[in-house]
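Just so we're aligned: 313 in my numbering is position 293 of the sequence shown, and the numbers increase by one with no gaps anywhere.
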Amino acid sequence: MAKRKEENFSSPKNAKRPRQEELEDFDKDGDEDECKGTSTLTAAEVGIIESIHLKNFMCHSMLGPFKFGSNVNFVVGNNGSWSEVVLSWLRATSASQVQVILLSQPCGKSAVLTALIVGLGGRAVATNRGSSLKGFVKDGQNSADISITLRNRGDDAFKASVYGNSILIQQHISIDGSRSYKLKSATGSVVSTKKEELIAILDHFNIQVDNPVSVLTQEMSKQFLQSKNEGDKYKFFMKATQLEQMKEDYSYIMETKERTKEQIHQGEERLTELKRQCVEKEERFQSIAGLSTMKTNLESLKHEMAWAVVNEIEKQLNAIRDNIKIGEDRAARLDRKMEEQQVRLNEAEQKYKDIQDKLEKISEETNARAPECMALKADVIAKKRAYNEAEVLYNRSLNEYKALKKDDEQLCKRIEELKKSTDQSLEPERLERQKKISWLKERVKALRNQENSVNQEIEQFQQAIEKDKEEHGKIKREESDVKHALGYNQRQLKELKDSKTDRLKRFGPNVPALLEAIDDAYRQGLFTYKPVGPLGACIHLRDPELALAIESCLKGLLQAYCCHNHADESVLQALMKRFYLPGTSRPQIIVSEFRNEIYDVRHRAAYHPEFPTVLTALEIDNAVVANSLIDMRGIETVLLIKNNSVARAIMQSQKPPKNCREAFTAEGDQVFAGRYYSSEYTRPKFLSRDVDSEISDLENEVQNKMAQILNLQQHLSDLEKDIKRNEELLKRCQLHYKELEMKIRKSNSEIRELENIEEHQSVDIATLEDEAQENKSKMKMVEKHMEQQKENMEHLKSLKIEAENKYDAIKLKINQLSELADPLKDELNLADSEVDNQKRGKRHYEEKQKEHLDTLNKKKRELDMKEKELQEKMSQARQICPERIEVEKSASILDKEINRLRQKIQAEHASHGDREEIMRQYQEARETYLDLDNKVRTLKKFIKLLGEIMDHRFKTYQQFRRCLTLRCKLYFDNLLSQRAYCGKMNFDHKNETLSISVQPGEGNKAAFNDMRALSGGERSFSTVCFILSLWSIAESPFRCLDEFDVYMDMVNRRIAMDLILKMADSQRFRQFILLTPQSMSSLPSSKLIRILRMSDPERGQTTLPFRPVTQEEEDD
């Protein structure tokens, strides 16, 4: 086939850009609005076309997607001009040896219809657009794709639970003419790739792409319009109503019936011959009567001999079975003991785990409460300090108030004294008072110095206690962390010791049991493919020094498993539930289709001349494991660089190697181009090869941790003693401080009293009274201020008490947790010892059981061999004598008797023929005769019943055909009458012709004319009426009509359009797709009508390449 030059009519830019459709009277929510405006009982739910999308199909790089409405759809666009001329030329000539490829750029209407036929499984010749599928592939492309979406809703949906509300049919056409299908659900998942599934869908929806009622192409429409043969019209009617298929089925059945009658006739002739042969064989058999008795006796002896051998083997078997039964009883006892031991071991391990979980929970809770405790302690200290300051201010105000009150009393007393006596001399008393005042002031000064010194000591003790308590909390947290690390190291040490006997236990204590369960499930056929895992057990290191780096890279993937599909994943999840408790972490499951070859990642793998990637650093025998690690972690793009500084230099100081995303160092650090993350681990857990060295290092680390805990506990004890001693000293200092404050207040009070006493002779009474009044004012102010300070002090006191209560509560909780942890540690040690004891007991029973089972299996193998021998002998015996007989003689005696009797029979055979051969021939002849006689009788019954059924079905077929022709006539007359036409349809079923006569005039003014005498528009209108009448009697979810109005004038086109729209409105449960070059601008506005306007065709092709058609292409 000649290649067309694409640049002659489309630029590369246009070739890559999909064609855009202009939609009229429709928006994106058209389907939804349409569904709201019509009843769900009348809207189409199944089988209609929702959308079509084309790629590299015919001359279109990309066409669509076309979104079709559920009722009427007009695909409007201009035709390719000279392609129609070429087609007309081809029709006018009989160029059978020329193949033409039309390379014009039609707007896409016919391409959509052609794609609909091909996409739903139709043949290329049915489209009238080519003889082979490869002709639909766009020139210059290797393949074409068609995507068709069918609606699948409601009660009549096809496999609604599988496909959903729509079915996407994707067809891929290759350049060699082959095609493949993908049937997808509404979610896009592939359901099937078989054509049988597509045929089932089309049958379910009653879609017939080769039926002209369902899809009437432009070529078929033109042939029908121009056809002058009444037989062609009749064939069109029969094919449209599927009566042709029913007729062909009936003809095929009648042909089969005639062939069966011929077989019966031949069988009857053969029966006569077989009966004659059977009579001859019977007469010959009756003539022989000689050796029957001796042969009967010989057969009886052979029967006894066969079962005598069986008896001897059964005796041997019974003895072996008795020994096996005894051994199985002992094995059952050992099993029960092992189960009991396993139960005790499980209980001990569970107890150990429970205690360990409790300790971890207590440690976590203690650590979680430590920051809160420190914060509450700081809060208590701050509130105490605030309360003490408020209390000091309040006491000062109280003392001041008391002093003022005392001064007031003294002033009043002095005034009274002055009023009583003003002549007494008080000079000696005044001197004495002044002397005492001086002494008291010196005493107050000394007491102030002592108070400052004691206050400094109090602050020092408080700081020391606070510092010790902070240190105590820090040490306590450090002790908890060390204990947590010790517990983790002890568990890891235990797992490493267990892994010395079973490497799989490194990946979890339940892994061996889980793998056994997987093997059992696979043997039972529960898996499509046996799951692979854990992945860490399937890989091996080329360089042991990179173990920590690889573990840091793969992390949880080392414990993961791979499944072929989601069904296998569900089975594996169910198995894991038996070994992993709810709430505990389970290994990851990777679902990926198993392949036998490792991905080719050379084009995207990282490369460095000195350092390997994770993929090259591992030896992986299983392709599934390698592909899973490539998919999940991208191990081909991760470099392994042992030295940290070198890793930083390669990844950060310069541009990273090509395709390299990250790198890991030998210490497990992760290095990116702009970031660096240190590893949390110091040693590998799963991939280390030197287990003994790991165990030794862990044991040393455990001892170091235990020694560290002892040192921390000693330090804690020393701190607690210091805190207790400092608190006692602090209390003493605080008592001393209060005593000094009392002494100072007392001395100050005495000084004020002495200073307030004056000689009444020299004091003016009026002055004293003023001073007393002023003193009273001060007292009121101090009293008011004191009340405010008291309220503030009470508020701060309540806050202090609340903070102290919170602090005491959390401190009590922490102390309680610490007290709970001590007995649990002892219980943990006892539980660990109990687990070891139960494991030793289990190993003891396992060894005994293994030894006993070896012996028992040896006996069972011996029993199997004897049973096989017995089965062989019994099979031989049944072949000789089907029913078992009781034998008293031994096999040796019976053998002697058989030999003697056989010698006598051989002597008699010399004078007679072979009786068995004669008997065998007679039996064969008789069986052959009876078998053929039975077949002939059965076939006669079948033919009689088939004749009755076919007579009934032919009558039903004729009645059905009569009903369809009558309905077709009525619909045709009704449609013609809407333009005042009259018409007749004459069906001649005998000659298989259909004549149509139309009277265009009114009434009887014009005579009935054959359609050939009508004008082009009248004939097109009459043809539309005929097609619409066929639409009314045929069942199909959608109807497609290409250029139905091509030969109509405007009047006929409008009337035909009204008829089609009226029928579409009455049949909203069907979809109508009408292709026309007209603009359709005069259509009424309706939500049921959707117009898809195609872009104008591109011009640019000026030549037609021709070449001869090969025989191969003609066959296609």
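Glycine included, every Cβ here is placed at the ideal spot set by N, Cα and C.
This structure is a prediction, so every number in the text was calculated from the model and none was measured.
Check, Outcome
"Any idea what DSSP makes of T548, helix, strand or coil?", "coil"
"Span of the alpha helix (DSSP H) holding K525?", "Element bounds for K525: n/a, residue is neither H nor E."
"Report yes or no: do three or more beta-carbon pairs, one from the region 563-577 and one from the region 525-533, lie closer than 8 Å?", "no"
"Distance check for F1089 and L203, CA to CA, integer angstroms please.", "24 Å"
"In chain order, what residues of the same chain lie with their CB nearer than 6 Å to the CB of D717, ignoring the 5 residues before and after it?", "none"
"How should S114 be labelled, buried or exposed, when 16 other C-beta atoms within 10 angstroms of its C-beta is the threshold for buried?", "With a pLDDT of 36 at S114, under the threshold of 50, the predicted position of this residue should be treated as unreliable, though the coordinate-derived value follows. Exposed, by the Cβ-count rule."
"Would you check if the distance between the CB atom of I495 and the CB atom of L736 is smaller than 8 Å?", "yes"
"For the candidate residues T985, L966, V1044, L1014, whose alpha-carbon lies nearest to that of A999?", "Here residue 999 turns out to be Arg, not Ala, going by the sequence shown. For the residues T985, L966, V1044, L1014, the minimum Cα distance to R999 belongs to V1044."
"Roughly how far, in whole angstroms, is the beta-carbon of K129 from the beta-carbon of M1100, given that I think they are within contact range, below 8 Å?", "So it is not a contact: roughly 12 Å between Cβ atoms."
"Find the nearest neighbour of I69 within the set V96, K154, R173, judged by alpha-carbon distance.", "R173"
"Compute the Euclidean distance between the alpha carbons of A541 and S648, then round it to the nearest angstrom.", "23 Å"
"CB-CB under 7 Å to C753, same chain, minus the five flanking residues each way: which ones, in chain order?", "V474, E477, I478, F481"
"Cα separation between E293 and H285?", "13 Å"
"Could you have a look at P85 and say whether DSSP puts it in helix, strand or coil?", "strand"
"Could you check what DSSP says for S1115 in three-state terms: helix, strand or coil?", "coil"
"From Q926 to L321, what distance separates their C-alpha atoms?", "16 Å"
"Per DSSP, V96 is paired with what?", "T1096, R1113"
"Using the rule of at least 16 other Cβ atoms within 10 Å of the residue's Cβ for burial, across every protein chain shown, is S1056 buried or exposed?", "buried"
"Going by DSSP, name the residue or residues bridged to C583.", "V611"
"Where does I195 fall in DSSP's three states?", "coil"
"Whole angstroms is fine: what's the gap from K798's alpha carbon to L755's?", "32 Å"
"Give me the Cα-Cα distance between N317 and S912, rounded to the nearest whole angstrom.", "17 Å"
"Within the same chain, show all residues whose beta-carbon is closer than 7 Å to that of N664, passing over the 5 residues directly before and after it, in chain order.", "T685, E687, D689"
"Whole angstroms are fine: how far does the CA of S1106 sit from the CA of F992?", "27 Å"
"Check whether the region 602-616 and the region 578-592 are in contact - that is, three or more C-beta pairs closer than 8 Å.", "yes"
"Suppose the cutoff is 6 Å on Cβ atoms and the five residues either side in sequence are ignored; what does the same chain contact list for V330 look like?", "K893, M894, A897"
"Between D1137 and A792, how many whole angstroms is the CB-CB distance? I'm expecting something under 8 Å.", "Here the chain has residues from 21 to 1136 only, and residue 1137 is not among them."
"Residues bridged to E639 by DSSP?", "H560"
"By a C-beta neighbour count over all protein chains shown, 10 Å radius and 16 as the cutoff for buried, is G545 buried or exposed?", "exposed"
"Does the Cβ of H864 have 16 or more other Cβ atoms within 10 Å, making it buried, or fewer, making it exposed?", "exposed"
"Going along the chain, which residues of its own chain have a beta-carbon closer than 7 Å to the beta-carbon of V145, five neighbours each way excluded?", "S151"
"Which same chain residues end up closer than 6 Å to L635 when comparing Cβ atoms and leaving out the 5 residues on each side of it in sequence?", "I655, E656"
"Under three-state DSSP, which class holds I670?", "helix"
"Hey, how far is the Cα of K878 from the Cα of Q336?", "16 Å"
"Find out if the Cβ-Cβ distance for the pair I193, S163 is shorter than 8 Å.", "yes"
"Around the Cβ of V265, are there at least 16 other Cβ atoms within 10 angstroms (buried) or fewer (exposed)?", "According to the sequence provided, residue 265 is Gln. The question's Val does not apply to it. With fewer than 16 other Cβ atoms within 10 Å, it is exposed."
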